[in-house]
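Let me begin by presenting the structure, written as structure tokens, before commenting on it.
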Amino acid sequence: MKPRKMISHHHTDPNTTKASTMKPFSFRKHPAAMTAGAITVLAAATIGLSANAREEAAPQPSGQAMLVLDASGSMWAQMDGPDGRKTTRIETARETVSGLLDQLSPDIELGLIAYGHRRKGDCKDIQTLLEPGPLDKDAFRSTVNKLNPKGMTPLTDAVKQAAEVLGYTEQKATVILVTDGLETCAPDPCAAAAALEDAGIDFTAHVIGFGLSKAESEKIACIAENTGGKYLEAADGAGLAEALEKVVLEPSEPVEEMPPPTAGPWYPGEEIMRNIQIQATGGTTDAEPARDPELTDFPADGEAAQCRAACDAEAACVSWLYEPPGSYFVEEARCRLYGPTTEHDYAVMNEGEGWASGVKPGVSVLVRPYPEAP
Numbered sequence: 003m004k005p006r007k008m009i010s011h012h013h014t015d016p017n018t019t020k021a022s023t024m025k026p027f028s029f030r031k032h033p034a035a036m037t038a039g040a041i042t043v044l045a046a047a048t049i050g051l052s053a054n055a056r057e058e059a060a061p062q063p064s065g066q067a068m069l070v071l072d073a074s075g076s077m078w079a080q081m082d083g084p085d086g087r088k089t090t091r092i093e094t095a096r097e098t099v100s101g102l103l104d105q106l107s108p109d110i111e112l113g114l115i116a117y118g119h120r121r122k123g124d125c126k127d128i129q130t131l132l133e134p135g136p137l138d139k140d141a142f143r144s145t146v147n148k149l150n151p152k153g154m155t156p157l158t159d160a161v162k163q164a165a166e167v168l169g170y171t172e173q174k175a176t177v178i179l180v181t182d183g184l185e186t187c188a189p190d191p192c193a194a195a196a197a198l199e200d201a202g203i204d205f206t207a208h209v210i211g212f213g214l215s216k217a218e219s220e221k222i223a224c225i226a227e228n229t230g231g232k233y234l235e236a237a238d239g240a241g242l243a244e245a246l247e248k249v250v251l252e253p254s255e256p257v258e259e260m261p262p263p264t265a266g267p268w269y270p271g272e273e274i275m276r277n278i279q280i281q282a283t284g285g286t287t288d289a290e291p292a293r294d295p296e297l298t299d300f301p302a303d304g305e306a307a308q309c310r311a312a313c314d315a316e317a318a319c320v321s322w323l324y325e326p327p328g329s330y331f332v333e334e335a336r337c338r339l340y341g342p343t344t345e346h347d348y349a350v351m352n353e354g355e356g357w358a359s360g361v362k363p364g365v366s367v368l369v370r371p372y373p374e375a376p
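For reference, each letter of the sequence shown is one residue, going 3 to 376 in my numbering.
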């Protein structure tokens with residue numbers, strides 16, 4: 003997996019209070035791409051896999067898996083099935099699960115979580131129906147077929163519960179989210195994905211947007227962007243089937259080695275650079291691998307000066323980025339701190355938006371001179 007661009011939609015917890023304090027500063031290495039680890043699959047408007055896909059699917063990796071199935075009220079909406087007939091989303095979801103079960107290796111330990119299937123209007127309606135364990139395909143199908151869509155779409159808490167059941171602090175985790183809509187409860191799924199990443203969890207999310215508007219796609223795609231996953235769009239049932247085949251049946255991409263140090267030269271910045279967004283290139287200024295930025299616990303209404311102060315207070319921090327409220331669909335301000343080997347490019351942002359960055363004196367980490375030549 004390639005190093006992630008730090009300009010993606012990382013979030014802090016939307017419930018963080020304005021009085022929150024900075025957490026201890028530390029860096030972590032880029033996590034490796036998912037291999038035969040834990041797999042979490044979220045399905046909100048899924049469609050049955052084609053017969054050819056079932057026949058030709060490559061063997062699945064062994065490991066522990068969790069299927070988190072959307073059983074909210076919108077699953078009764080009609081859609082075109084793969085054969086052109088009218089069907090409902092819950093029916094096609096059942097067909098999809100059946101097809102996936104046929105292709106899964108018996109070595110996989112598969113569990114099931116559903117939400118929205120018991121009560122209307124209840125954002126806490128999330129239930130672990132089957133703990134991860136030896137795969138009993140008949141029992142699994144029967145459990146899915148009994149789901150009766152009724153309620154809300156608490157995607158964020160469903161992701162968290164799936165991670166907890168899998169013991170995410172010790173397992174790799176991958177989410178495949180297929181949705182025809184956004185979170186209908188208070189939490190932000192993008193923030194949840196970022197929180198898992200910031201906790202040092204090897205967490206990858208693939209997102210398939212089914213019939214979403216451009217604005218909706220931008221809000222949901224950040225889950226994939228934040229975690230090194232793929233975002234795919236599907237306008238109809240056939241498109242959903244194709245997208246699911248790509249993310250469920252195709253083998254994972256091989257792990258890529260960390261990029262070697264670039265040759266330089268590198269340039270200094272300034273202690274505070276207004277309207278500038280520094281951007282980690284994935285390269286390093288030393289043989290030591292670059293680290294992911296530390297996303298601090300930061301006041302929701304925090305200012306650039308506070309972010310600079312957080313970096314100044316840490317010897318291991320040499321550069322910082324302040325992301326103003328409202329950037330990337332997040333209402334809270336965010337602060338990122340970088341270590342001494344992280345190479346940066348930079349972008350000039352619109353004046354008045356509030357972006358700011360800084361590099362400590364005597365440190366050269368920019369790939370081009372700042373400020374730009376006129």
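Ideal placement from N, C-alpha and C gives every residue a C-beta, glycine not left out.
The beta carbon of Met-77 sits closer than 6 Å to those of Arg-91, Ile-92, Pro-151, all from its chain and outside the five residues before and after it, given in chain order. Secondary structure in the stretch 69-113: the beta strand (DSSP E) runs of 3 residues or longer, each lying completely within the stretch, are 80-82, 88-90 in chain order.
Looking only at Lys-148, Thr-181, Val-146, Pro-136, the smallest Cα-Cα distance to Thr-158 is reached by Thr-181. Rounded to the nearest whole angstrom, the CA to CA distance from Gly-230 to Asp-104 is 28 Å.
Remark: C-beta atoms of Val-361 and Gly-304 do not approach each other more closely than 7 Å. Closest option to Ala-164, judged by alpha-carbon separation, among Gly-75, Thr-283, Leu-131: Leu-131. Boundaries around Ala-307 are those of the alpha helix (DSSP H), 306-314, since no beta strand (DSSP E) includes it. In the DSSP assignment, Glu-220 falls within the alpha helix (DSSP H) that extends over 216-229. Rounded to the nearest whole angstrom, the CA to CA distance from Pro-371 to Glu-220 is 32 Å. Where Asp-140 is concerned, the enclosing alpha helix (DSSP H) starts and stops at 139-147.
The three-state secondary structure of Val-365, taken from DSSP, is coil.
Distance from the CA of Ala-95 to the CA of Met-154, rounded to the nearest whole angstrom, comes to 17 Å. Take Ala-226, set aside five residues on each side of it, and the residues of its chain with a beta-carbon closer than 7 Å to its own are Ala-207, His-208, Val-209, Lys-232, Tyr-233, in chain order. In this structure, Leu-69 sits away from Leu-137, with a CB-CB distance that is not shorter than 7 Å.
It is roughly 35 Å from the alpha-carbon of Cys-319 to the alpha-carbon of Glu-185. Burial is judged here by how many other beta carbons sit within 10 angstroms of a residue's own beta carbon; Val-350 has fewer than 16 and is exposed. Spatial neighbours of Pro-156 in its own chain (CB-CB distance under 8 Å, excluding positions within 5 residues in sequence) are listed in chain order as Tyr-117, Gly-118, Cys-125, Lys-126, Asp-127, Ile-128, Glu-185, Thr-186, Cys-187, Pro-189. In the DSSP assignment, Cys-337 is bridged to Tyr-324. Just measuring C-alpha positions, the residue of Thr-89, Gln-281, Trp-357 sitting nearest Glu-334 is Trp-357. Here Arg-276 is bridged, per DSSP, to Ala-358.
Contact check for Ile-280 against Tyr-324 fails: the beta carbons are separated by 7 Å or more.
When the alpha-carbon of Glu-374 is set against those of Asn-277, Val-146, Thr-89, Gly-341, the nearest one is in Asn-277. Going by DSSP, His-346 is part of the beta strand (DSSP E) stretching over 344-350.
Thr-155: not part of any beta strand (DSSP E); DSSP gives it neither H nor E. Taking a contact as a CB-CB distance under 8 Å, the pair Ser-359 and Met-275 counts as one, their CB atoms being some 5 Å apart. Here Thr-181 is bridged, per DSSP, to Gly-211. Between Gly-211 and Glu-244, the C-beta gap is not smaller than 7 Å, which leaves the two residues out of contact. Spanning the alpha carbons of Val-161 and Pro-267 requires a straight line of approximately 43 Å. When DSSP states are grouped into helix, strand and coil, Pro-191 belongs to the helix group. In the assembly as shown, Asp-72 is a buried residue. Its beta-carbon has 16 or more other beta-carbons within 10 Å. Rounded to the nearest whole angstrom, the C-alpha separation of Asn-147 and Ile-222 is 28 Å. Relative to Leu-149, the option among Arg-120, Ala-141, Val-167, Glu-166 whose CA is nearest is Arg-120. Thr-344 is positioned such that its CB atom lies no closer than 7 Å to that of Ala-306. Burial state of Arg-87 is exposed, judged by a 10 Å Cβ sphere holding fewer than 16 other Cβ atoms. Judged by DSSP secondary structure, Tyr-233 falls within the beta strand (DSSP E) whose first and last residues are 233-236.
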